[in-house]
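Using the working numbering, the letters of the sequence shown correspond one by one to residues 12 to 110. For reference, the structure is listed below as structure tokens.
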Amino acid sequence: METIGIFIQGTTAAGVLVVAILTFLGRSTNVLREDIGILREDIKGLRTEMNVKFSEVRTEIHDINTRLDRVNTRMDGVNTRLGRVEGHLRISDDHQVDR
């Protein structure tokens, strides 16, 4: 009878230990799930921020390209004027009178 009592006490202690371990693991699992959820939200936030930054960078690059296009247009105008001046100077050189 005493052996049965010791067996029951040991089984009860083991059962309590198993329940405690499972409870701890369950809580740990819930904490991990919460942490994973927080990490997912952080990653979504970072993606959103990166997309906004990339959009801003693209806009700035577009603005720079627009300015460069304007500079190229002005340079084309300057080159056209220089070509006219050069042509005029050649004509003037051809019509010079020898002294």
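Cβ coordinates follow ideal geometry from the N, Cα and C atoms, glycine included.
Can you tell me the Cα-Cα spacing of E60 and V89, whole angstroms? Those two C-alpha atoms are separated by around 43 Å.
Backbone CA spacing between L50 and G56 [nearest angstrom]: 10 Å
Among residues of its own chain, excluding the 5 on either side of I102, which ones have a beta-carbon nearer than 6 Å to its beta-carbon? none
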